[in-house]
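Report on the following structure.
Residue numbers (UniProt numbering): 1 to 177.
So this is what it looks like as structure tokens:
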């Protein structure tokens, strides 16, 4: 199995309508994802950021990062900054696969297992997990590396991923130790 770490929607300005509910969940997740990034990079595991474009169709990943780092919640973005080896895919909807080149990229890299981390568990992580499952990828979701808006829906989403999609739901410490 060839694994990639997929960081979903963490390059974020947090100026959207659910941000006040999301930020308290994102704060403890940031250091967990930062640690996952460090461990993945140390083992040469490909790191792929898949991020909303927030309606900025002319933007590229550098501009999205600059905007997030210049905003009031830069502390949630700085520790997760992509490095020069990171790949970056811009998306417009919930799933990392919808209308993106990600599936092609993964096939070109020979990747068949995805570790999904980021936000939002009950939205983008859930829909991405489903789309990965129907494309025959193995999915791993470290529960301490995903942030939510609604805790009850996030818990249900994790159970659905595990039960209905065969995802391995674990703690981040179980990966790349």
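Note that the Cβ used here is the ideal one computed from N, Cα and C, for glycine as well.
Delimiting residues of the beta strand (DSSP E) encompassing residue i
| i | result |
| --- | --- |
| residue 52 | 47-52 |
| residue 4 | 3-8 |
Distance between beta carbons of residue j and residue i, contact taken as under 8 Å
| i | j | result |
| --- | --- | --- |
| residue 1 | residue 112 | 6 Å |
| residue 158 | residue 140 | Rounded, the Cβ-Cβ distance is 12 Å, inconsistent with contact. |
| residue 80 | residue 33 | 6 Å |
| residue 89 | residue 101 | 7 Å |
| residue 189 | residue 19 | Look at the range of the chain in this structure, 1 to 177, and you will see that residue 189 is not part of it. |
| residue 11 | residue 65 | 5 Å |
| residue 8 | residue 129 | In fact, because the Cβ distance is near 10 Å, the residues do not count as touching under 8 Å. |
Residues bridged to residue i [DSSP beta-bridge criterion]
| i | result |
| --- | --- |
| residue 169 | 141 |
| residue 89 | 50 |
| residue 146 | 118 |
Residue i - containing alpha helix (DSSP H), residue span
| i | result |
| --- | --- |
| residue 116 | Here residue 116 belongs to no alpha helix (DSSP H); instead the beta strand (DSSP E) covers 113-119. |
| residue 99 | Element bounds for residue 99: n/a, residue is neither H nor E. |
| residue 24 | 19-42 |
| residue 131 | 126-134 |
| residue 63 | 61-69 |
Chain E contact for residue i (CB, 8 Å cutoff)
| i | result |
| --- | --- |
| residue 165 | Given the protein chain composition of this structure (a single chain), no chain E is represented. |
Outcome for residue i when other beta-carbon atoms lying within 10 angstroms are tallied against a minimum of 16
| i | result |
| --- | --- |
| residue 151 | exposed |
| residue 98 | exposed |
| residue 108 | exposed |
| residue 21 | exposed |
| residue 82 | buried |
| residue 210 | Lying before the first or after the last residue shown, residue 210 is absent from the chain, which here runs from 1 to 177. |
| residue 118 | buried |
| residue 148 | buried |
| residue 91 | buried |
| residue 134 | exposed |
| residue 136 | exposed |
| residue 78 | exposed |
| residue 95 | buried |
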